[in-house]
Amino acid sequence: MILHARTAKPRILSSPSKPRFSLGRSAELFAQAESVHGAREYTVRVCTNRTCRKQGAKQILRLTQDLCIENVKVIESGCMGKCGNGPNVGILPPGVVLGHVSTPRLLARILSELCDVAVDDAVLKATELRLRGTSLANAGDLQGAISCWNEAIELQPSHGLYAVYSNRSAARQTLGDNQGALEDATAAVELSPQGFLTAHVRKVDALYALGRIADAAAALDEAVDANPGYARTDECRRIRRALEDATGSQQ
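Taking full-length UniProt numbering, the leading residue of the sequence shown gets 1, the next gets one more, and so forth.
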């Protein structure tokens, strides 16, 4: 039994598309670039306004943050113009706005060419494999998705593995491998940044599926300890009630 629909299929973060980009200028960005000329740190501003958001800007923002590129700060931005050509990204310095930045690899290439910033290739490849896996999973090919995620894990990238383990946990549980799902969820919890509650929910679900109700309740408590605000959410309350009902039926 699955406690929450979140485990029904892996959370999709983005979908690959054909790389292409165009350069544009923004007076605001160039004004800011003047004051940071020669700086060794860079800021990537991802427009998440309505049009860019529909074109996948939120996914690009999240994935670029996951790359944890040294000396590069990735933040949300309002509209920078060029609406309809998104996702749009501003790079400071040198102070340019780029359109159609639709994949992490494309953004990595842009940073390399414009800023001479290197992106860890293992992290980049693992991110691409994670994206390919989520696309396969959403199409119903869970075994193919798991193969992609296995490859990503074998690369041992320095960042981002928590999302791979979390996705593979969901796929394994869907296929009936509850012990494997628990192992992956546990790894995801250990590696995930604060606020990534999906990993905790995966662990609760796997323990519940294994009949370890008390351990599932303890895992939910761990999620609340790590993210206190979670206790006030409807999701947490629903899971808590389901665990209490299961505990009562076992007595």
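For every residue, glycine included, the Cβ atom is placed at its ideal position computed from N, Cα and C.
Everything numeric in this text was worked out from a predicted model, so none of it was measured.
Q. Looking only at DSSP bridge pairs, what is A75 linked to?
A. What sits at residue 75 in the sequence shown is Ile, not Ala. Partner(s): R45.
Q. Cβ atoms of S169 and A185: under 9 Å apart, would you say?
A. S169 sits close to A185, with the two beta carbons spaced by under 9 Å.
Q) Whose CA, out of V101, D66, K73, P93, lies closest to the CA of R53? A) Measuring from the Cα of R53, the nearest candidate turns out to be V101.
Q: Quick one: grab the DSSP three-state call for I69.
A: I69 sits in coil when the DSSP states are folded into three classes, being neither helix nor strand.
Q.
Spatial neighbours of K73 within its chain, please: C-beta separation below 6 Å, excluding the five flanking residues on both sides.
A. Result list for K73: T43, in chain order.
Q. Taking one C-beta from the segment 124-135 and one from the segment 156-170 each time, how about it: are there three or more such pairs within less than 8 Å?
A. Under the Cβ criterion (8 Å, minimum of three pairs), the segment 124-135 counts as touching the segment 156-170.
Q) What are the start and end residues of each continuous alpha helix (DSSP H) run of 4 or more residues lying completely inside the segment 100-187, in chain order? A) Those alpha helix (DSSP H) runs which fall completely within the segment 100-187 and span 4+ residues are 104-115, 121-138, 142-154, 161-174.
**Q.** Same chain, Cβ closer than 7 Å to A188, neighbours up to 5 away in sequence not counted
**A.** Scanning its chain for C-beta atoms nearer than 7 Å, with the 5 sequence neighbours on each side dropped, one finds around A188 the residues Y162, Y165, S166, S169, A199, R202, in chain order.
Q | Cα-Cα separation, G24 to V96 | A | Its pLDDT being 39, under 50, G24 is placed unreliably by the model, and the measurement read from it follows with that caveat. Near 6 Å, if we compare the C-alpha coordinates of V96 and G24.
Q.
Using a 10 Å radius around the Cβ and a threshold of 16 neighbouring Cβ atoms, would you call A31 buried or exposed?
A. Residue placement at A31 cannot be trusted, given a pLDDT of 40 that sits under 50; what the coordinates show is reported in the next sentence. A31 is exposed by the Cβ-count criterion.
(Q) Taking 7 Å as the limit between beta carbons, can you name the residues of its chain near K58, skipping five residues before and five after? (A) Taken in chain order, the residues that qualify are T48.
Q: Alpha carbon to alpha carbon, how far is D215 from G248? Give it in angstroms, no decimals.
A: Going by C-alpha positions, G248 is about 15 Å away from D215.
Q. Relative to the alpha-carbon of A209, which residue among A242, N150, N71, D225 has its alpha-carbon at the smallest distance?
A. Closest option to A209, judged by alpha-carbon separation, among A242, N150, N71, D225: A242.
Q: Starting from the C-beta of T64, find all residues in its chain whose C-beta is less than 8 Å away, skip the five residues before and the five after it, and write them out in chain order.
A: V44, V46, V74, P104, L107.
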